[in-house]
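Chains as they are written, first to last, in the numbering used here: chain A, 1 to 116; chain B, 1 to 111. From the three backbone atoms N, C-alpha and C, an ideal C-beta is built for every residue, glycine too.
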């Protein structure tokens, strides 16, 4: 139980283009999903919290117009990196909470983004 | 600034030994504590959660929490080479609080 999928698992895009990453909870409904970014040898940094049917809450320093988050259903959240730059290259990981505890999170397999 | 501190390692232990991983946190109101395992190039996997002082055992894993000392640890008994990974400590203020992650401790179990 508590399986989260992400698609794609890796993507290479050119600078200036946009990339969409999907996060799905496969066997549970997730009112809240989270998007993290992890640079090499660094820990996970929370980018935003996504609540179904409402606007995402972004962490300080994360540009909401650059990282568009949509949580259209209880099983799907998407992150779109707009006008990507090489410094956006990173490992993007989503997570979801199956129950009432927001802090008990299960992670998707991650998406490796490389911007050339 | 809420912080979660871990020794980056690497921590090297022989196969069959006990691996001890430690974590301290700065926010005294923290209520929920988690250990995640992350293999290289993969996403974190939840292995233990603990919410009250004392020990919690699950198979070869034991989590220990001491809120007075703001300290949480993870013991891995009978360590196996497959346990070699980075272990992330995460802390939350409560059931509706976001997770704050440490930078992780890299564990290497030598055959």
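Same chain, Cβ closer than 6 Å to residue i, neighbours up to 5 away in sequence not counted
i: residue 92(B); result: 32 and 99
i: residue 52(A); result: 31, 71 and 74
i: residue 56(B); result: 50 and 63
i: residue 27(B); result: 2
i: residue 68(B); result: none
i: residue 29(B); result: 93
i: residue 71(B); result: 24
i: residue 77(B); result: 18 and 60
Within 9 Å, strictly: CB atoms of residue i and residue j
i: residue 21(A); j: residue 50(A); result: no
i: residue 62(B); j: residue 46(B); result: no
i: residue 89(A); j: residue 34(A); result: no
i: residue 88(B); j: residue 6(B); result: yes
i: residue 92(A); j: residue 111(A); result: yes
i: residue 79(B); j: residue 9(B); result: no
i: residue 94(B); j: residue 103(A); result: yes
i: residue 39(B); j: residue 86(B); result: yes
i: residue 19(A); j: residue 108(A); result: no
i: residue 11(B); j: residue 73(B); result: no
Cβ-based neighbour list, residue i, same chain, cut-off 8 Å, excluding 5 preceding and 5 following
i: residue 13(B); result: 19, 79, 107, 108, 109 and 110
i: residue 44(B); result: 36, 37, 38 and 88
i: residue 84(B); result: 107, 108 and 109
i: residue 90(B); result: 4, 33, 34, 35, 36, 99, 100, 101 and 102
Close-in-space but distant-in-sequence residues of the same chain around residue i (CB under 7 Å, 5 per side omitted)
i: residue 15(A); result: 84, 85, 86, 115 and 116
i: residue 57(A); result: 48 and 49
i: residue 126(A); result: There is simply no residue 126(A) to check, as chain A begins at 1 and stops at 116 in what is shown.
i: residue 66(B); result: 53
i: residue 62(A); result: 47 and 48
i: residue 97(A); result: 30, 32, 104 and 105
i: residue 58(B); result: 48
- Any contact of the stretch 25 to 36 of chain A with the stretch 72 to 90 of chain A, i.e. 3+ C-beta pairs under 8 Å? yes
Worksheet item: Which runs of the alpha helix (DSSP H), 4 residues or longer, sit entirely within the stretch 42 to 116 of chain A?
Response: none
Please give me, in chain order, every unbroken run of the beta strand (DSSP E) with length at least 3 that falls completely inside the stretch 14 to 49 of chain B. Correct list: 19 to 25 and 32 to 38.
Pull out every residue of the stretch 87 to 111 of chain A whose Cβ sits closer than 7 Å to any Cβ of chain B, in chain order.
Among the residues of the stretch 87 to 111 of chain A, those with a Cβ less than 7 Å away from any Cβ of chain B are 93, 100, 101, 102, 103, 104, 105, 106, 107, 108, 109 and 110, in the order of the chain.
Under 9 Å (Cβ pairs) to chain A, residues found in the stretch 94 to 108 of chain B
Within the stretch 94 to 108 of chain B, the residues whose Cβ lies closer than 9 Å to some Cβ of chain A are 94, 95, 96, 97, 98, 99, 100, 101, 102, 103 and 104, listed in chain order.
message: With three or more C-beta pairs closer than 8 Å as the rule, is the stretch 38 to 47 of chain A touching the stretch 2 to 20 of chain A?
response: no
- request: May I ask you to list, following chain order, the residues of the stretch 43 to 73 of chain B that have a beta carbon less than 8 Å from some beta carbon of chain A?
  value: From the stretch 43 to 73 of chain B, only 43, 44, 45, 46 and 49 have a Cβ closer than 8 Å to chain A.
Closer than 9 Å, Cβ to any Cβ of chain B: which residues of the stretch 42 to 54 of chain A, in chain order? When C-beta distances to chain B are compared with 9 Å, the residues of the stretch 42 to 54 of chain A below that value are 42, 43, 44, 45, 46 and 49, in chain order.
Query raised in the report: Quick one, which residues of the stretch 10 to 25 of chain B are near chain A if we go by CB-CB under 9 Å, in chain order?
Result: none
Exercise for review: Scan the stretch 75 to 88 of chain B for residues whose Cβ lies nearer than 8 Å to a Cβ of chain A and list them as they occur along the chain.
Suggested key: 88
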